[in-house]
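The numbering of the sequence shown is the UniProt record's numbering, which starts it at 1 and goes up by one. Single-structure report; data block below.
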Amino acid sequence: MAKILIIDDSPTDVRVFTTLLERAGYQVAAVSTAEEGIERVRADLPDLVIMDVIMPGMNGFQATRTLTRDPATSNVPIVMITTKSMETDRVWGLRQGARAFITKPVNEKELLTCINDLLPSAA
Numbered sequence: 001m002a003k004i005l006i007i008d009d010s011p012t013d014v015r016v017f018t019t020l021l022e023r024a025g026y027q028v029a030a031v032s033t034a035e036e037g038i039e040r041v042r043a044d045l046p047d048l049v050i051m052d053v054i055m056p057g058m059n060g061f062q063a064t065r066t067l068t069r070d071p072a073t074s075n076v077p078i079v080m081i082t083t084k085s086m087e088t089d090r091v092w093g094l095r096q097g098a099r100a101f102i103t104k105p106v107n108e109k110e111l112l113t114c115i116n117d118l119l120p121s122a123a
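Here's what the structure looks like:
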């Protein structure tokens with residue numbers, strides 16, 4: 001069972017994503033800050049990270065860059081999910097190392113397809 005870490009400061013979004021992912025057979029954990037997310041990724045090495053962009057303190061772009069530039073965590077795929085829908089935001093997120101960039105509201109099928117593409121042997 002693939003482990004997915006959600007890094008998002010919105011309890012509502014965390015609940016929605018957790019329900020969706022658990023129903024699809026994934027093991028899910030969540031944290032509410034980018035700083036805590038970086039620590040959890042380093043400690044637990046999840047199979048995939050779902051990263052919000054707009055959070056207090058460090059934002060998702062900064063956290064993604066930190067994780068993808070660290071040799072210990074650079075292989076963990078990051079899917080950025082955000083309300084930021086400008087093409088420049090998508091390009092910037094991918095430049096920071098995200099493997100995918102999805103805008104909210106999230107289409108359930110799109111998210112699961114994206115995760116399955118990044119984790120071909122996953123749930």
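Every residue gets a Cβ at the ideal spot worked out from N, C-alpha and C, and that includes glycine. Everything numeric in this text was worked out from a predicted model, so none of it was measured.
inquiry  = Based on DSSP bridge pairs, tell me the residues matched to L48.
reply    = I4
message = Please report the straight-line C-alpha distance between M51 and E87, rounded to a whole angstrom.
response = 17 angstroms
Helix, strand or coil at residue 163 [DSSP, three-state] = Not covered by the structure: residue 163. The range shown for the chain is 1 to 123.
ask   = Nearest-angstrom Cα distance between T82 and E22?
value = Answer to the nearest angstrom: the Cα atoms are 20 angstroms apart.
task = Tell me, please, whether the CB atom of V41 is closer than 8 angstroms to any CB atom in chain C?
result = The chain inventory of the structure shown lacks chain C, comprising one protein chain alone.
Where G57 falls, given that 16 or more other Cβ within 10 Å makes a residue buried = exposed
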